[in-house]
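In UniProt numbering, the protein residues as written are 1 to 231. Just so you know, even glycine gets a beta-carbon here, dropped at the ideal spot from N, CA and C.
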């Protein structure tokens, strides 16, 4: 469809203002097919840009707030962090704007999805859906005062901590969790999904610790939220 219309969906398109003739008809047809206005089209392209550029860091999961900041930075550079600028209505981008643009991206097969994580709006930026076990781990890390924290206050997961917290998470309290299942889920999220980062604590730091306890798994997408909550 894009080829027949001579349109690259991620390269932008001429604005509808002042366009007449065949180009104007193509642009108007494109807007009707995708549900994009010029402003929404630009926002959609910038959402894809931010999501792709941060995927290697967060494994394809980003908070709504971080996504909005990334889009503002693309639009306005360093000025996007000024309080005065953020209070200007012309600069504001809401989570509803992001959700509408993500919805309009569905025909392109991006696979983006907005989901809730303990009251925090998150955006999945990869086509593969999160497994139930992966969501359990993310919920665990997003809950305050449950996940263990390192010396700077950032929460991490271990098989033992996930196992001990299972009863506290309503959505999985009836699931049969074992240490091996927790360890496999963490390894899958690390190696296959890229949603977790691994830190191996030296033996002399935790006396008598097992190999399981020495491995600490962090969700980079959630670290910023949790670090702010400790301040």
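If you look at residue 218, you'll find it in the beta strand (DSSP E) that goes 215-218. Beyond the five residues adjoining it in sequence on each side, residue 155 comes within less than 6 Å, by CB distance, of 141, 147, 149, 226 in the same chain, given in chain order.
Here residue 113 carries a strand assignment [DSSP, helix/strand/coil]. Less than 9 Å divides the Cβ of residue 71 from the Cβ of residue 98. Looking at the DSSP output, residue 199 shares a beta bridge with 216. In the structure shown, residue 181 falls within a helical segment according to DSSP collapsed to helix, strand and coil. DSSP places residue 107 in the helix class (H, G or I) of the three-state scheme. Distance check between residue 182 and each of 41, 43, 159 places 159 closest, using alpha-carbon atoms only. In this structure residue 157 touches residue 186 by the C-beta definition: roughly 6 Å separates them, less than 8 Å. Bounds of any beta strand (DSSP E) do not take in residue 154, whose DSSP letter is neither H nor E. Here the alpha carbons of residue 104 and residue 137 stand approximately 30 Å from one another. By DSSP's assignment, residue 125 forms no beta bridge with any residue. Considering only 100, 109, 144, 112, the residue with the shortest C-alpha distance to residue 120 is 144.
Residue 116 and residue 110 have their C-alpha atoms some 19 Å from each other.
The three-state reading of DSSP puts residue 98 in helix, counting H, G and I together.
The Cβ atoms of residue 43 and residue 96 do not sit closer than 9 Å to each other. Nearest in C-alpha terms to residue 199, of all of 40, 184, 192, 216, is 216. Closest in alpha carbon position to residue 107, among 67, 127, 193, is 127. Collapsing the DSSP output to three states places residue 146 in coil.
In chain order, 120, 121, 122, 123, 221, 222, 224, 225 place their CB closer than 8 Å to the CB of residue 63, counting only its own chain and leaving out the 5 sequence neighbours on each side. The three-state reading of DSSP puts residue 47 in helix, counting H, G and I together. When the beta-carbon positions are compared, residue 190 and residue 179 stay at least 9 Å from each other.
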